[in-house]
Structures are given as structure tokens and as C-alpha cells.
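So the sequence shown is numbered by our numbering: it starts at 1 and just counts up by one.
First up is the structure itself, then whatever we jot down about it.
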Amino acid sequence: MKTIAILGPTASGKTALSIDLALEYNAVILSLDSLSIYTHIDIASAKPSLAERHGIVHFGIDVLLPNAHFDVTMFFELYAQAKAYALSHKKNLIIVGGTGFYLKAMMEGLSLRPELSLHVKTVIAQKLLDLEASYALICEHDPLYAQKIASNDRYRIEKWLEIFIATQQTPSDYLRHAKQPALLKDIALFEIETPKDSLIHRVQKRTRLMFEQGLIEEVFNLEKNYSRTPQCMKAIGIKEVLDYFDGMYTLKELEGKIATHTLQLAKRQRTFNASQFPPHIKAPLEMIKPLIEKVLKEF
């Protein structure tokens, strides 16, 4: 079994390429995407439809309801399932998705979080009643982390407090020495390079298509059935439509906002991929397929 991963910013063509390769080289696909994992989020996630999957077995798509919680360990489990399936069916495994953090965690090992006693949970709950004071605590002990989050980001403040109060160490110090073994040790990495002008065009085209497919109706139904509370409701393409419902944008402005925020995400993904992964093969979409084929043909 050969295992490869295809990196690249959102809208760079990773999904279609992975399906083409899977069809030609007897592979299954593991999707590492924090939105495609949910059912009922088909348009906002830009997940491939059943028809577009062409019968290729996918892991990591339509696994959870939108109100279900998940973390990176869910993708560890999905990888184990995908690997077992690929081995038993004598297939290759293609890993694809824009959430590079999950792939990095598989390749380097996930940092274990401390067990929380009832006392620690009580202390955290009390501190979360005053986010301003909790954020000030982070600024005092971990200023670099404080710069990365908003002062009212309750979720990230809570995660920081869990480690700091339970261990009396900042998360960066604690997590550096608390890692599980890596899951992925033999993997070929490839990254799609997309020129800025081309990416802008692809993002604008995708955004327009999302509206044509019924994005507004999809988000309306998500809010109706699951409220605005779930984490997925803060995703790009969903949050902006909710703001549109609140009268913050016109329909024309809404499309522009989603495209702009998607391009900003793509920039962050590029930066992450460039700084967080070992040296790997990079090429434009039209040139990268034969480079990947050289690896898969060896199977």
C-alpha cells in the first residue's frame, strides 16, 4: 500500500485530482476537512457529491451531525479505518484536505492533554465567568499565545486554562513534552501550487457556484435544525450567510465577503504548509499529476 497526501489551498483542485488518481490507481481517499466531516453541509464545504466520487470509497465525509463535537483524534480514528480498509482490499491511500493541522498531527504525533480533576474543572468554570481577567492571565504568562487569539475567544481561552491550571505550565511548554507516537511514518507529500490570479478566479467561480447550488437555503436549514451554537456554524460560507440573515450585507456584498474570506483562508493554508511540513514536491495543478503517478505506479 502506498500512502500519499495532497496539500494545497482551498479551491486549488485537490479534490478532483484525488478522485482522478484514485480511479486510475486503485485507491481510497481520506478527507481531512473540518467541514466535510458533517452531514447536511454539502455546499458550504464544497465536498464532492456522490456522483462526483465515482464510487471511490471516502473516509472523513458525512461522519457526524452538525451539532456533534469532534477534535483531531476523530481523524486519527478515521485514518486507522482507512488504512485497515486499504490494506485488506489491496488499495492505495490518498489523503487530501485543506486542514493541514490534522495531517501534521498524524505525522508528528498528537500532544496529550492533561486529565482534569473536578477541582480543576471548577476553577476553570469560575475563571471563564470573567473572560477579560482570564485573557489578562494569558497575556502575563503566555504573551505569544495571547497575540494569536481574541480577548473574547472563550473556546481557546478555556483550552489554555485547562493546561495551565492542571499542570502549572504554559501549553507550549507542556505540549512540547507530551506527545503520542506519530501515526504516519511513510508518506509521500505533494503540494499544488496555484498562482495568485488563478486562485482568485477559482475562488470566485466556486463561490458563485455555491450560490447557484443553494448555499443560502442550506444555511437556513442548518440554523433551523441546529441553531447557531455548533462550532461548524462559524465556518466560512456559513457565518457570512448568517450575517446576511441579520441584515449586515446585501446579497452582492455577501458573495464578495465569502470570496474574500476564502482567499484569506487560502493564504493562511499556504503559510502553514510552507512552514509546518518537511520539504516536499510542489508543482502547478497541470504538472503535479504525473509526479504523483510515479509514486503510485510503484505499488
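Beta carbons are placed, not taken as given, at the ideal position from N, Cα and C, and that holds for glycine.
Keep in mind it's a predicted model, so treat the numbers as computed, not measured.
- H58 has I29 as its beta-bridge partners, per DSSP.
- Comparing C-alpha distances from C139 to each of Q126, K121 and L161 shows the shortest one belongs to L161.
- Following the DSSP letters along the chain, one finds I43 in no beta strand (DSSP E), marked with neither H nor E.
- For T99, the three-state secondary structure derived from DSSP is coil.
- For K294, the enclosing alpha helix (DSSP H) starts and ends at L285 to L296.
- Residue burial annotation: F164 is buried, with at least 16 other C-beta atoms found within 10 angstroms of its C-beta.
- The bridge partners DSSP lists for I157 come to none.
- Assigned with DSSP and collapsed to three states, K234 falls in helix.
- With distances taken between CA atoms, Y85 lies nearest to V57 out of G98, M74 and V57.
- By the Cβ test, the region 64-71 is in contact with the region 23-40, since at least three Cβ pairs between them sit closer than 8 angstroms.
- Between the alpha carbons of G8 and R53 lies a gap of roughly 19 angstroms.
- A distance below 6 angstroms between beta-carbons, with the five flanking residues on each side excluded, links A146 to the following residues of its chain, in chain order: I138 and C139.
- DSSP lists L93 as the bridge partner or partners of T3.
- A188 is positioned such that its CB atom lies no closer than 7 angstroms to that of N92.
- Distance from the CA atom of K159 to the CA atom of E24, rounded to whole angstroms, is 43 angstroms.
- In the DSSP annotation of this structure, the continuous segment of the alpha helix (DSSP H) that includes A86 starts and ends at V72 to S88.
- Counting the other Cβ atoms within 10 Å of the Cβ of S172 gives fewer than 16, which makes it exposed.
- The Cβ-Cβ distance between T194 and S12 falls below 7 angstroms.
- Per DSSP, L254 is one residue of the alpha helix (DSSP H) stretching across L251 to Q276.
- Sequence-distant Cβ neighbours of K282 in its own chain, meaning closer than 6 angstroms and more than five residues away, are E191 and E193.
- Residue P114 holds the alpha-carbon nearest to the alpha-carbon of R176 among L285, P114 and P290.
- Residue range A188 to E193 is occupied by the beta strand (DSSP E) that includes A188.
- Per the coordinates, the alpha-carbon of Q204 lies some 41 angstroms from the alpha-carbon of T170.
- In the structure shown, the three-state DSSP call for I281 is strand.
- Sorting Q269, L30 and H89 by C-alpha distance to the C-alpha of I61 places L30 at the top.
- Out of S18, S34 and A16, the CA that lies nearest to the CA of K234 is found in S34.
- Residue range P143 to K148 is occupied by the alpha helix (DSSP H) that includes P143.
- When C-beta atoms of the region 216-226 are compared with those of the region 269-288, fewer than three pairs fall below 8 angstroms, so the two segments do not count as touching.
- Rounded to whole angstroms, Y249 and F211 show a C-alpha spacing of 15 angstroms.
- In the DSSP assignment, Y38 falls outside any alpha helix (DSSP H), carrying neither H nor E.
- Of the other Cβ atoms in all chains shown, fewer than 16 fall within 10 Å of the Cβ of L209; this residue is therefore exposed.
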